[in-house]
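Peer 1: Numbering that gives the first Met the number 0 applies: residue 0 is where the sequence shown begins, and numbers increase by one.
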Amino acid sequence: MGDIWDEWHWDIWDPVKEPVPREPKTYRKISFCTACMNRLHDLMVTLPVNIHHNRDYPNVEFVVVNYNSQDKLDEWMKGYMMPYIEAGILVYVHTTEPKFFMPSHSRNISFKVATGDIVNNVDADKRFLLGPLYLMLGNVQDTLDHYEWYQNKYPNEYGYAFNFLCWAITLYRHGDVEEAERKIINTMLSNIFFIPYLLGHAIPSLYSWEDRYYNELIEIESFPHEILDYITSEEMEWVKTLYDSPRISAIREKYIEIDDQLENLPRGKKRTRLCNELFKIRGLNFSGIDFSEIESNRTSDNSTN
0 MGDIWDEWHW
10 DIWDPVKEPV
20 PREPKTYRKI
30 SFCTACMNRL
40 HDLMVTLPVN
50 IHHNRDYPNV
60 EFVVVNYNSQ
70 DKLDEWMKGY
80 MMPYIEAGIL
90 VYVHTTEPKF
100 FMPSHSRNIS
110 FKVATGDIVN
120 NVDADKRFLL
130 GPLYLMLGNV
140 QDTLDHYEWY
150 QNKYPNEYGY
160 AFNFLCWAIT
170 LYRHGDVEEA
180 ERKIINTMLS
190 NIFFIPYLLG
200 HAIPSLYSWE
210 DRYYNELIEI
220 ESFPHEILDY
230 ITSEEMEWVK
240 TLYDSPRISA
250 IREKYIEIDD
260 QLENLPRGKK
270 RTRLCNELFK
280 IRGLNFSGID
290 FSEIESNRTS
300 DNSTN
């Protein structure tokens, strides 16, 4: 059998044999746009790096929309990033109107401000995609190395559910089942609807930005769904078995119970106590958490059935 290249007569450009004859006549202006609400800790990492990586292109701008961020984004932009603003590389806009993050609206603002011929949206937290990307490439060790770095760099970061899911799957493939189970709990608590969505269960519809679970439902709509193509049916069955297990069911029910109580609970000692319990559960610290009532109800339901 002959060489496949000769067989198919593919005409492939060789930049060494046929170099580009001249410099481009014009460099079209490119705008990289980021809308940010309460993600300063991400933007502090991604924005300077993105500016640095694109510094050699002669006609580029970065647009940052402060979408009523309640952290110190405004202070950081007007301080640390001011040299880039004064140099015309960075455009900064601040709006105080939005109550919740609305992806389409926030992007419309940034695109309207942008002056480039080519306009791109760049999320403030692009670093979250590295773990899932390594997983999709099939390299377990590289994925583990990334997540080890991630955990050391951001030890208190809850992160997105799909990121925790990829972390759990990687650990499971590596044989670290105990730690993989912990990451499944992280996945569940990061977005209470995410695993039910994966398992084909019904979840609430997103009616408006005033919805109590707006951010969770937006994540389900916007996370990179192609990741699911790289998770096997056996791995998904493992996720289902864990999710339905008595221990994780009790954690989930307790978390929802506390979250429901906090919805309309005024400030006071009870609210403080429940908030502390909620954060302990999210940190996978279950000491001092009373699961007895939930376990008793489950036992009663089982005996009735």
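The beta carbon of each residue, even a glycine, is placed where N, CA and C say it ideally should be. If you're wondering where the values come from, they're calculated on a predicted model, not measured in any experiment.
Buried or exposed: which applies to Ile-3, given that a residue is buried once 16 or more other Cβ atoms fall within 10 Å of its Cβ?
Peer 2: Caution is warranted here: a pLDDT of 49 is assigned to Ile-3, below 50, making its placement in the model unreliable, and the coordinate value is therefore given only provisionally. That one is exposed.
Peer 1: Give, in chain order, every unbroken run of the alpha helix (DSSP H) that is at least 4 residues long and sits entirely within the segment 82-144.
Peer 2: 102-112 and 129-136
Peer 1: With a threshold of 6 Å on Cβ separation, who are the neighbours of Leu-164 within its own chain once the five nearest residues in sequence on each side are excluded?
Peer 2: Hits under 6 Å: Thr-186.
Peer 1: With DSSP as the reference, please indicate the residues paired to Ile-29 in a beta bridge.
Peer 2: Val-59 and Ile-117
Peer 1: What's the gap between the Cα of Tyr-91 and the Cα of Arg-54?
Peer 2: 18 Å
Peer 1: Looking at C-alpha atoms only, which residue of Asn-214, Asp-289 and Ser-105 is the closest neighbour of Tyr-159?
Peer 2: Asn-214
Peer 1: Are Ala-34 and Ser-109 touching if we call contact CB-CB under 7 Å?
Peer 2: yes
Peer 1: Between the beta-carbon of Ile-202 and the beta-carbon of Pro-195, is there less than 7 Å?
Peer 2: Result yes, Cβ atoms of Ile-202 and Pro-195 sit closer than 7 Å.
Peer 1: Which residues mark the beginning and the end of the alpha helix (DSSP H) in which Glu-180 is found?
Peer 2: It spans 176-189 - the alpha helix (DSSP H) in which Glu-180 sits, taken as one unbroken run.
Peer 1: Kindly indicate which three-state DSSP category Ala-201 falls into: helix, strand or coil?
Peer 2: coil
Peer 1: Would you kindly check if the distance between the Cβ of Asn-119 and the Cβ of Thr-95 is under 7 Å?
Peer 2: No, these two residues do not count as a Cβ contact at 7 Å.
Peer 1: Once the 5 residues before and after Asn-49 are set aside, which same chain residues still bring their CB inside 6 Å of it?
Peer 2: none
Peer 1: Which residue comes first and which comes last in the alpha helix (DSSP H) that contains Thr-271?
Peer 2: 268-281
Peer 1: Pull up the CB-CB distance for Val-62 and Ser-30, whole angstroms please, since I reckon it's below 8 Å.
Peer 2: 6 Å
Peer 1: Ordered along the chain, which non-local residues of its own chain (more than five positions away) have a Cβ less than 8 Å from that of Leu-261?
Peer 2: Arg-270, Leu-273, Cys-274 and Leu-277
Peer 1: Using 7 Å as the threshold, is the C-beta distance between Arg-181 and Asp-124 below it?
Peer 2: no
Peer 1: Along the chain, where does the alpha helix (DSSP H) that runs through Ile-168 open and close?
Peer 2: For Ile-168, the enclosing alpha helix (DSSP H) covers residues 160-173.
Peer 1: Assuming contact is defined by CB atoms lying nearer than 7 Å, are His-93 and Val-139 in contact in what I supplied?
Peer 2: With contacts defined by Cβ atoms closer than 7 Å, His-93 and Val-139 do not form a contacting pair.
Peer 1: Assign Tyr-146 to one of three DSSP states: helix, strand, or coil.
Peer 2: helix
Peer 1: Strictly by DSSP, which residues pair up with Ala-34?
Peer 2: Val-64
Peer 1: Whose C-beta lies closer than 7 Å to the C-beta of Gly-115 among residues of the same chain, with five residues either side of it excluded?
Peer 2: Lys-28, Ile-29, Ser-30 and Glu-60
Peer 1: Compare the beta carbon distance of Tyr-133 and Asp-141 with 7 Å and say whether it is the shorter of the two.
Peer 2: yes
Peer 1: Suppose you measure from the CA of Trp-208 to the CA of Ser-291; what does that come to, to the nearest Å?
Peer 2: Confidence at Trp-208 is low in this model, with a pLDDT of 45, below 50, so the placement of that residue is unreliable and no value is reported for it.
Peer 1: Return the residue from the list Lys-16, Tyr-56, Leu-264 and Gln-150 that minimises the CA-CA distance to Thr-25.
Peer 2: Nearest option by C-alpha distance: Tyr-56.
Peer 1: Hey, quick one: how far does the alpha helix (DSSP H) through Arg-54 stretch, first residue to last?
Peer 2: Arg-54 -> no alpha helix (DSSP H), and no H or E assigned at all.
Peer 1: Considering only their Cβ atoms, is the gap separating His-145 from Leu-129 smaller than 7 Å?
Peer 2: Yes. Within cutoff.
Peer 1: Indicate whether Ile-257 and Pro-131 have their beta-carbon atoms separated by less than 7 Å.
Peer 2: no
Peer 1: Name the two residues that bound the continuous alpha helix (DSSP H) containing Gly-78.
Peer 2: 72-78
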